[in-house]
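Presented below is the structure to which this report refers.
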Amino acid sequence: MKLFSLLLLLQFLCSSQAQQVGTEKPEKAVPFTVQQCDNGACKPVQGGLTIDANWRWTHKAGQDCYQGTKWDPTICANGDDCAKNCAIEGADYEKDYGVVPTGTDSVTLKFVTNKNVGSRMYLLDASGQKYQMFMLKNKQFHSMSMSPNFLAVSMEPYTLLLWTRCGTSAFPNNKAGAKYGTGYCDAQCPRDIKFIAGKANSEGWQGEGTDAGKGKMGNCCPEMDIWEANSISQAFTPHTCKDISAKPCTGALCGDGEGNRYKGLCDKDGCDFASYRWGATEFYGKGKKVDTSKKMTVTTQFVTKDNTDRGELSEIRRVYVQDGKVIQNEAVKIKGMAKPTADSLTEEFCTANKQMTGDENHFGKNGGLKRLGDSMAKGMVLVMSIWDDGEAKMQWLDGTYPPGKSADTFGAKRGTCEANTGDPTTVRAANPDASVTFSNVKIGPIVKVAADAAGGTAPKN
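The sequence shown lines up with residues -18 to -1, 1 to 443 when you count with mature numbering (1 follows the signal peptide of the UniProt record, and there is no 0).
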């Protein structure tokens, strides 16, 4: 099974979604509590999880605006009319999307539920109208307990830079706002977002098969992938953009098309600390030092030069806890550094690994860690997801990538999966019951990680 889950932080372009609110199904977010910690004590912060608007039913008086891979031209003759005509509905999270609350601070995301595949969830604040914003410089994102007991599907907790209200005042057509999961963007400048910058992304939309489609416009913003992982491989990866705020794109500025990857607004490659890729092949996986057949807790620390909240971001560290034991991130050998090994992500590490692989350092050209820290200072939104990969079949995470590269080339082999094992059609048929559980999220000052978190055996997924 080749699945992937993601936890990340993003800076959303909330104005990007211009949609009306439907009346068929009232929206009620999935309750989810995080812990805000300081001076050794943690307080619960009430919030809720909302699913991305792309997953929701979009219609005009019961008639689908979008079905399969196509827009209805009778409703969506152009992007402006489509945005005015189409409404998005509330969600039946467990029945339709396989999003199951498993405690006040725990949620399970199922991979296939009926005809739906995967999910992408955002954390709202207690009002339910705005995204919960996290300021992560000089902080640690702690105790994300999960059991990534699957392959070829990605589980990701990550952060993005979004506007808190999602543009309901800046773009009057957008009545839905953050409550309905609008405004997604990331450093890939995705063009599969259905509504961007106040109108539908219907012009030039193309899609077929398992590919839902793409339009001419994309949505760009800085991104911090806290946890890109499945049962074989994992990585934590920052991505920078030329702008520290979110911005739409078209053409070469989206970084798509031959010769345009490094001409776009954002760094698509990122600077990844991927243990297997950089030589620590026995560190993470089933039966390995960090055993993916068991529950684990992951702590990510965002260190500043002067150890203050306003300081320049200079380092990202990772620590695991499993079976009551603290497991430090395993050091890897990267030539060109002052020290022969590295166990954390720094500017020096990023520059050295790009030189060794021969990849363009778009991360550094866009300002590197300092630039990412500037984005973090604006606040970022927590995203949790589970998904498969129709374009690259997850080879960038757990196989040999890019296609055609020899596995013997430094940095090309990222895991043990063979080419094409991540084809979505195969993955969905073979592993519909795959899932991931995210729980026990804590945000607070950087402290020494204690061996008091998750352990035991993971449920079979």
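Note that beta-carbon positions come from the ideal geometry of N, C-alpha and C, so glycine has one too.
For Asn67, the enclosing alpha helix (DSSP H) starts and ends at Gly61 to Asn67.
When the five nearest sequence neighbours on each side are left out, the beta carbons in the same chain lying within less than 6 Å of the beta carbon of Lys196 are those of Arg173 and Asp174, in order along the chain.
Of the residues assessed, Arg299 falls on the buried side of the cut-off, its CB having 16 or more other CB atoms within 10 angstroms. Counting along the chain, Ser357 sits inside the alpha helix (DSSP H) bounded by residues Gly350 to Met358.
Annotation: Cys64 to Pro55 spans about 9 Å, alpha carbon to alpha carbon. A direct Cα-Cα distance of roughly 6 Å separates Asn201 from Lys229.
In this structure, the alpha-carbon of Lys276 lies about 35 Å from that of Lys352.
Excluding the 5 residues flanking it on each side, Tyr79 has same chain C-beta neighbours closer than 7 Å at Ile33, Trp37, Ala73, Thr95, Asn98 and Ser101, in chain order. Secondary-structure assignment with DSSP links His41 through a beta bridge to Asp46 and Ala69. The stretch 200 to 218 and the stretch 159 to 168 touch, with three or more beta-carbon pairs separated by less than 8 Å. Three or more Cβ pairs drawn from the stretch 413 to 433 and the stretch 4 to 20 lie within less than 8 Å of each other, which places the two stretches in contact.
Taking a contact to require three or more Cβ pairs closer than 8 Å, the stretch 369 to 382 and the stretch 284 to 292 do not qualify as touching. Of the candidates Asp62, Val81 and Gly30, the residue whose Cα lies closest to the Cα of Ser109 is Gly30. Thr328 sits buried, since 16 or more C-beta atoms from the chains shown fall within 10 Å of its C-beta.
Counting only runs that start and end inside the stretch 197 to 277, the beta strand (DSSP E) elements of at least 3 residues fall at 199 to 202, 205 to 211, 216 to 221 and 229 to 232. Following the DSSP letters along the chain, one finds Trp378 inside the alpha helix (DSSP H) bounded by residues Gln377 to Asp380. Cβ atoms of Cys332 and Gly237 stay farther apart than 8 Å, at about 19 Å. Between the C-alpha atoms of Thr403 and Tyr258 there is a straight-line separation of about 18 Å. For Thr419, the uninterrupted beta strand (DSSP E) segment begins and ends at Ser417 to Ser421.
For Pro55, the secondary structure class from DSSP, reduced to helix, strand or coil, is coil. Shown here for Lys336: same chain residues with a beta carbon closer than 8 Å to its own, the five before and five after excluded, namely Cys253, Glu342, Asn343, Phe345 and Gly346 in chain order.
Ranked by Cα distance from Asn212, the first of Ile428, Thr5 and Ser417 is Ser417. With fewer than 16 other CB atoms across the displayed protein chains lying within 10 angstroms of its CB, Asp193 is exposed. Setting aside the 5 residues that flank it on each side, Lys224 is surrounded in the same chain by Leu247 and Asn348, each with a C-beta closer than 7 Å to its C-beta; the list follows chain order. Distances from the alpha-carbon of Gly261 to those of Lys7, Glu400 and Lys317 put Lys317 closest.
In this chain, the alpha helix (DSSP H) harbouring Gly346 covers His344 to Lys347. Setting aside the 5 residues that flank it on each side, Gln216 is surrounded in the same chain by Tyr266, each with a C-beta closer than 6 Å to its C-beta; the list follows chain order. When DSSP states are grouped into helix, strand and coil, Tyr166 belongs to the coil group. Cα atoms of Ile214 and Gly269: separation of roughly 10 Å, rounded to the nearest angstrom.
When DSSP assignments are scanned along the stretch 101 to 125, the uninterrupted stretches of beta strand (DSSP E) that are 3 or more residues long and fall wholly within it turn out to be 101 to 106. A residue is called buried when at least 16 other Cβ atoms come within 10 angstroms of its Cβ; Val365 meets this threshold and is buried. The C-beta separation of Val3 from Ala69 comes to about 6 Å, placing the pair in contact by the 8 Å criterion.
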